[in-house]
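Here is the structure:
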């Protein structure tokens, strides 16, 4: 089964607080749309430092996604 989490992210990225994030809001927005369709919930983009992360909820839990190894990955914002 192919999911959004197996798709490569070929957009420019930046490192913020040790997390790899999208460099541009536009590319983050496109991935937010794809992720929203995958998880069946609204996903927004949020500026974090010099980069953009994806934000949404899964099973009522707030989640933030960045990039790891050219794949989307949930990151800890604690």
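Numbering (our numbering), first residue to last: 581 to 658.
Glycine included, C-beta positions come from ideal geometry on N, C-alpha and C.
All of these numbers come straight from a predicted model, not from anything done at the bench.
Residue span of the alpha helix (DSSP H) that contains residue i, given as start and end
{"i": "residue 618", "result": "605 to 619"}
Reduced DSSP category for residue i - H, G, I as helix; E, B as strand; rest coil
{"i": "residue 583", "result": "coil"}
{"i": "residue 589", "result": "coil"}
{"i": "residue 666", "result": "Outside the displayed span of the chain (581 to 658) sits residue 666, for which this structure offers no information."}
{"i": "residue 651", "result": "strand"}
Option nearest residue i by Cα separation, candidates the options
{"i": "residue 601", "options": "657, 647, 655", "result": "647"}
{"i": "residue 672", "options": "640, 639, 588, 615", "result": "Any property of residue 672 remains undetermined from this structure, which presents the chain solely from 581 to 658."}
{"i": "residue 654", "options": "606, 639, 599, 610", "result": "599"}
{"i": "residue 612", "options": "597, 636, 657", "result": "636"}
{"i": "residue 656", "options": "592, 588, 586, 596", "result": "596"}
{"i": "residue 627", "options": "644, 620, 638, 639", "result": "644"}
Own chain, CB closer than 7 Å to residue i, minus 5 neighbours either side, in chain order
{"i": "residue 594", "result": "601, 603, 630, 631"}
{"i": "residue 583", "result": "618"}
Beta strand (DSSP E) segment containing residue i, residue limits
{"i": "residue 636", "result": "631 to 638"}
{"i": "residue 646", "result": "641 to 648"}
Contact set for residue i: own chain, Cβ-Cβ below 8 Å, skip 5 residues either direction
{"i": "residue 625", "result": "602, 605, 608, 609, 612, 632, 633, 634, 635"}
{"i": "residue 665", "result": "This structure cannot settle anything about residue 665, because the visible part of the chain is limited to 581 through 658."}
Residues near residue i in its chain [Cβ-Cβ closer than 6 Å; skip 5 each side]
{"i": "residue 623", "result": "612, 615, 616, 634, 636"}
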